[in-house]
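Colleague: Protein chains in written order, with the numbering used here: chain V, 666 to 900; chain U, 828 to 1057. Mind having a look at this structure? Questions to follow.
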């Protein structure tokens, strides 16, 4: 029994050799190789069985969702802290209390953790809330006015998971591509990504493709601030 | 069958983009605009060639379809999310990526299996297991990237023949051998290389003869060794 030519060919072209590079040295061979790949891809498409084609059609939509949501999570400028920053009870005149007005945390170099439920809490204003915890500003965050909010809902998955906490820098104007906390009269506070700039209104995108973008009128009080950090809290 | 696609550099502004007529590289450029239809077309265009590629890599790919999904997803995210130059051939790039993933996997499993075997030896003293790991590390460190000897899945004899073939063949011969193994006709070879059909026929027969000579001259290779491949 001898080895057939076909076996030799498959050996000479198969997985047992390092892959041929794309940029072959010879120009004629390189051009031929590009035409070969185009031809081979077309041949495989032409031979695709009906079942495979049907699966491809269904899978393609899911594929686009997956790819676009991963890309969206890639270029969102929200740094993730591996370790949740330390928290403490609010103090009034140096004495610990169970709850303190939101704004009183800033003088103490902390951010109030407000359990308002981003994306929920219709009709409630942040300033009405009482913070039961103060979050110490993590290293590298300059002193300023921040609030920490707990995320509810899955509209920003996989960037933000329900239960994650985000640190919001108050008053920073929204720029396209940044993640902000906005307030809408109907929907309350929500964390969203800012879409392409448009005069007079803001497009708010969810990273989770299951949610459609929404458009709100830009005006005073619409945008709470920009999300600059996120971390996960173990329950 | 195969509609020749032209590479259009950029679609006209405002026009509805017909992604199906875009060339491969223009399609990837359209994806960079996060054009959803381009992403859908990318999947439908390249999934078949990767499924075939998985099949051609032989057994040992436990869930080929899931692997194809992963390769396509990672490549698409890579293309869109980074400003890397486009590959000359998108299909070639994807198939190479798939192949490297399978091979890394095969190697990792081979190493794991060997460790398990060593650890399960009748008299496994801790030292010999450690020595096994160390020599494995030393071997990997000295083998260098890319030219790593085959681990698991492929017999040393096949690896040896492959190395002999690689050393003895020119770049063009290897390319043509790949084409022949994919069922490319002599007429296509002539067209793609810009030579006459007679010249192509001559190159093919010379290639076959050279392959045979190389393998016949390689020591310790029998038909059984090659026939025993999966």
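Where a beta carbon is used, it is the ideal one built from N, C-alpha and C, also for glycine. Note that this is a predicted model, so its numbers are computed, not measured.
Just to make sure I have the definition right: I need the residues of chain V whose C-beta is within less than 8 Å of the C-beta of residue 875(U). Which are they?
Modeller: In chain order: 706, 709, 710, 712, 713, 717, 721.
Colleague: Per DSSP, what kind of secondary structure is residue 712(V) in: helix, strand or coil?
Modeller: Helix.
Colleague: To which residues does DSSP link residue 756(V) through a beta bridge?
Modeller: DSSP lists 761(V) as partners of residue 756(V).
Colleague: Under 8 Å, do residue 907(U) and residue 859(U) count as touching if we go by C-beta distance?
Modeller: It is a contact, given that the beta carbons lie within the stated cut-off.
Colleague: Rounded to a whole number of angstroms, what is the C-alpha to C-alpha distance between residue 1043(U) and residue 993(U)?
Modeller: C-alpha separation (whole angstroms): 15 Å.
Colleague: If you follow the alpha helix (DSSP H) that residue 870(V) is in, where does it begin and where does it stop?
Modeller: Segment 866-870 is the beta strand (DSSP E) holding residue 870(V); no alpha helix (DSSP H) there.
Colleague: Considering residue 1022(U), what are the terminal residues of the beta strand (DSSP E) in which it resides?
Modeller: Taken as a continuous stretch (DSSP letters only), residue 1022(U) belongs to no beta strand (DSSP E), as it is neither H nor E.
Colleague: For chain V, is any of its Cβ atoms less than 8 Å away from the one on residue 943(U)?
Modeller: Chain V, which has no Cβ nearer than 8 Å to the Cβ of residue 943(U), makes this no.
Colleague: Taking the straight line between their C-alpha atoms, what separation do you get for residue 1025(U) and residue 1033(U)?
Modeller: Cα to Cα, the separation comes out at about 12 Å.
Colleague: Using a Cβ-Cβ distance under 8 Å, would residue 899(U) count as near chain V?
Modeller: Yes, its Cβ sits closer than 8 Å to a Cβ of chain V.
Colleague: Go ahead and pull the three-state DSSP assignment for residue 853(V).
Modeller: Strand.
Colleague: For the stretch 877-946 of chain U, list the alpha helix (DSSP H) runs that are entirely contained and at least 4 residues long, ordered along the chain.
Modeller: For the stretch 877-946 of chain U, whole alpha helix (DSSP H) runs of length 4 or above, ordered along the chain, are 891-908, 917-946.
Colleague: Using the Cα positions of residue 933(U) and residue 685(V), report the straight-line distance between them to the nearest angstrom.
Modeller: Each residue's alpha carbon lies about 20 Å from the other.
Colleague: Three or more C-beta pairs under 8 Å: does that hold for the stretch 859-867 of chain V against the stretch 701-711 of chain V?
Modeller: As far as the Cβ criterion goes, the stretch 859-867 of chain V does not touch the stretch 701-711 of chain V, which means the pair count is below three.
Colleague: Taking Cβ-Cβ distances shorter than 8 Å, what residues in chain V pair up with residue 916(U)?
Modeller: Neighbours of residue 916(U) on chain V, chain order: 687, 698, 699, 702, 703.
Colleague: Give every residue of the same chain whose Cβ lies closer than 6 Å to the Cβ of residue 749(V), excluding the five residues on either side of it in the sequence, and list them in chain order.
Modeller: Here the set comprises 896, 898.
Colleague: DSSP three-state label for residue 864(U), please.
Modeller: Of the three classes helix, strand and coil, the one that applies to residue 864(U) here is helix, per DSSP.
Colleague: So if I threshold CB-CB distances at 9 Å, which residues from the stretch 1008-1040 of chain U count as touching chain V?
Modeller: So the close ones are 1008, 1009, 1010, 1011, 1015, 1016, 1018, 1019, 1020, 1021, 1022, 1034, 1035, 1038, 1039.
Colleague: Under the three-state reduction of DSSP, which class applies to residue 811(V): helix, strand or coil?
Modeller: In this structure, residue 811(V) counts as strand in the three-state DSSP scheme.
Colleague: List the residues of chain U whose Cβ lies closer than 7 Å to the Cβ of residue 733(V), in chain order.
Modeller: Within 7 Å Cβ-Cβ: 861, 863, 866.
Colleague: Considering just the uninterrupted stretch of the alpha helix (DSSP H) at residue 851(U), what are its terminal residues?
Modeller: Taken as a continuous stretch (DSSP letters only), the alpha helix (DSSP H) holding residue 851(U) covers 851-859.
Colleague: Within the continuous alpha helix (DSSP H) that includes residue 797(V), where are the two ends?
Modeller: Premise fails: residue 797(V) is in no alpha helix (DSSP H) and is neither H nor E.
Colleague: Relative to the alpha-carbon of residue 769(V), which residue among 779(V), 763(V), 757(V) has its alpha-carbon at the smallest distance?
Modeller: For the residues 779(V), 763(V), 757(V), the minimum Cα distance to residue 769(V) belongs to 757(V).
Colleague: I want to verify the contact list: residues of chain U whose CB lies under 7 Å from the CB of residue 726(V), in sequence order.
Modeller: Residues of chain U passing the Cβ test: 867.
Colleague: Name, in chain order, the residues that DSSP records as bridge partners for residue 879(V).
Modeller: DSSP lists 869(V) as partners of residue 879(V).
Colleague: Looking at chain V, is there any beta carbon in it that lies within less than 8 Å of the beta carbon of residue 846(U)?
Modeller: False, the Cβ-Cβ gap to chain V never drops below 8 Å.
Colleague: Mind checking residue 847(U): buried by the 16 CB within 10 Å criterion, or exposed?
Modeller: Residue 847(U) is exposed by the Cβ-count criterion.
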